Amino acid sequence: MTLLDISNLSLNRIPQSLGLRDIRFIDDRADIYGFREIDQIVSGIYLHHTVLTEQPISVFLETPNLIPDLYAEQVPLHESKVIFLGDGEVGKSYTIKRMMNGGEPETAQHPYLTSETPGVEILDMPAEYGDEAFTVHFWDFGGQEILHSMHRCFLTEETGYVVVVKTREEASQSARKWLRNIHAFAPDSSVLMFLNCWENADPHRSLDDADLKKEFPQMIDGSVRLSAKTASKEVFNADLTARVLQMAANTDGNKKKIPKLWKNVIDELRVKTKENGHCITKEEYREICRHNGIDFDKAASLLSYLNNIGVCYSYHIGEDKRELAEYSLLDPTWLTKALYAVIREGIDYAEYGIVPTYQIIHMLGSDPVNPPKDSEYTRPRYEDEKECQYIFDVAEAHDLCFRMGKDKLFFPALCEDIKPSAEFPDQTAYSDPIHYRLKYQYLPDSVVHKLMVRCYKKEMSVIRCWRKGMILSAIDSYKAVVQMDDDEKTLTVRDRLFCQ
């Protein structure tokens, strides 16, 4: 057995003598610290909570066939991805616009007009921190609840996060919700909490940093508390902008060097994306890799890293962990606006979450339906049916929808709030009830929505769905009800035999 445990260490890099050995890198100390029998311990180099200041640790753990590239010529990327998250109307877009204008407060002549963000907006800002110059890519996610199910597509490691909450009684509850969301998809990424004060806010109301830090160690010490609207330029820049840029400077994209071959691929991808508008085919991507000396077998692995740092989005690995036969590289803004349009506009065509495929394709190829009043809401027209199918592929890959053959789509987010009483079983007509009650610390709609899609995929008989639950039937005399309770954070399954 060959075993080296360098967990919990902070290192510049994995030495070449170790990195190029034919040995596995592992992120699970349970293998060697009392949780497994000695004959079940796996040989390898253990990197649990190891920090590398010069190399992306995800390559060692997730895409080991790229490791040799980390010992070729390296260049700095000088880019950082920072995602702003928070509920609707907490000031995310306003805060980003003010940061991009040097912290200057808005004036009557130069107002910072903001409106409902339709999916995500990606805004680039040249920045400096210390003696470093780099580019920050701000990802401004819409806060509307219908968008929350899309987060799992884009919340990645190699990223910094700013959670924005407002000064009100539920601020701590909102903070925990977003911190749990980030922890589920990017547990090792840094998070800065920003308490955006309402005008005339209670000056004593704040977040319990110590309590939150104990629950979420990735949170940066000391939340920021000020008004994005009324704070002076000096206070805004010193207390908020400087903290955000400090976090951005320390993300993997900016802090670490990458192989020059990868940098060449990134630059060429961006040129190609501008030429194509929003989409690069698998064949075009492979040709870019080949042209820049990336082996055929490494192309899909490199794409995983490019997804993480926000260069593009692609669903390219199937459930069997193999590369898909067909996929495309999509512009994240183009994709999220499409998903947002389906969820926001598709409700007019849905019945119990089910919509005709042709209707959604026609809708995406037309101008927006009932755009929000007094809003800057715009979106592209998705006129190519094949491109619409890419959108559905991504949604299905992340359990946001289920294809019911060629003619229909099921989107849980399009289900009605009201429980379908006509189909709901009469509890008095049941015998020998069996109840399962699952308690969660954090229970977003996406949990039950994912379950709905999985039930369809497993060809279970789904009778009806509503936003918070569904009714299943195996045979005529058997029904099960799955229902979530927001207040109690529970998912209840009632499994009963119907008495004829």
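Per the numbering used here, the sequence shown runs over residues 4 to 503.
For glycine and all other residues, C-beta sits at the position ideal for the given N, C-alpha and C.
None of these values were measured; they are calculated from a predicted model.
Residue i and residue j closer than 8 angstroms at C-beta
i	j	result
residue 100	residue 115	yes
residue 261	residue 77	yes
residue 505	residue 226	Missing from the structure shown is residue 505; the chain here goes from 4 to 503 and no further.
residue 308	residue 59	yes
residue 7	residue 49	yes
residue 2	residue 470	The structure shown does not extend to residue 2, since the chain is modelled only from 4 to 503, so the question has no answer here.
residue 243	residue 229	yes
residue 122	residue 332	no
residue 252	residue 135	yes
residue 311	residue 98	no
residue 157	residue 335	yes
Range of the contiguous alpha helix (DSSP H) that encloses residue i
i	result
residue 252	245 to 252
residue 178	174 to 188
residue 453	448 to 460
residue 267	263 to 279
residue 232	Counting along the chain, residue 232 falls outside any alpha helix (DSSP H), and DSSP gives it neither H nor E.
residue 336	335 to 348
residue 113	Premise fails: residue 113 is in no alpha helix (DSSP H) and is neither H nor E.
residue 212	212 to 218
residue 97	95 to 103
residue 20	19 to 22
residue 294	285 to 294
Span separating the alpha-carbon of residue i from that of residue j
i	j	result
residue 90	residue 176	11 angstroms
residue 403	residue 112	43 angstroms
residue 140	residue 127	5 angstroms
residue 389	residue 304	25 angstroms
residue 132	residue 84	15 angstroms
residue 412	residue 473	17 angstroms
residue 142	residue 464	39 angstroms
residue 353	residue 365	14 angstroms
residue 1	residue 328	With the chain covering 4 to 503 only, the question about residue 1 has no answer from this structure.
residue 276	residue 393	16 angstroms
residue 384	residue 363	12 angstroms
residue 505	residue 408	Since the first residue of the chain shown is 4 and the last is 503, residue 505 is not available in this structure.
residue 497	residue 487	11 angstroms
residue 164	residue 265	25 angstroms
residue 284	residue 296	19 angstroms
residue 439	residue 450	16 angstroms
residue 339	residue 395	12 angstroms
residue 345	residue 423	23 angstroms
residue 443	residue 495	11 angstroms
residue 405	residue 222	36 angstroms
residue 235	residue 212	24 angstroms
residue 233	residue 184	30 angstroms
Burial state of residue i, where buried means 16 or more other Cβ atoms lie within 10 Å
i	result
residue 401	buried
residue 323	exposed
residue 421	exposed
residue 166	buried
residue 462	exposed
residue 273	exposed
residue 68	exposed
residue 387	exposed
residue 237	exposed
residue 162	buried
residue 217	exposed
residue 278	exposed
residue 441	exposed
residue 186	buried
residue 239	buried
Residues near residue i in its chain [Cβ-Cβ closer than 7 angstroms; skip 5 each side]
i	result
residue 415	356, 452, 455, 456, 468
residue 178	166, 168, 196, 210, 215
residue 249	132
residue 62	69, 70, 73, 308
residue 93	146, 167, 168, 169, 199
residue 330	285, 317, 318, 319
residue 360	409, 410, 411, 412
residue 246	195, 227
Cβ neighbours of residue i in the same chain (closer than 8 angstroms, five flanking residues each side left out)
i	result
residue 5	26, 46, 47
residue 459	405, 407, 413, 465
residue 23	70, 71, 74
Cβ shell of residue i (< 6 angstroms), same chain only, five flanking positions each side left out
i	result
residue 14	55
residue 73	58
residue 181	88, 166
residue 315	309, 332
residue 484	474, 497
For residue i, the first and last residue of its enclosing beta strand (DSSP E)
i	result
residue 407	405 to 407
residue 322	Looking at the DSSP string, residue 322 is not in any beta strand (DSSP E), and its letter there is neither H nor E.
residue 165	163 to 169
residue 82	82 to 88
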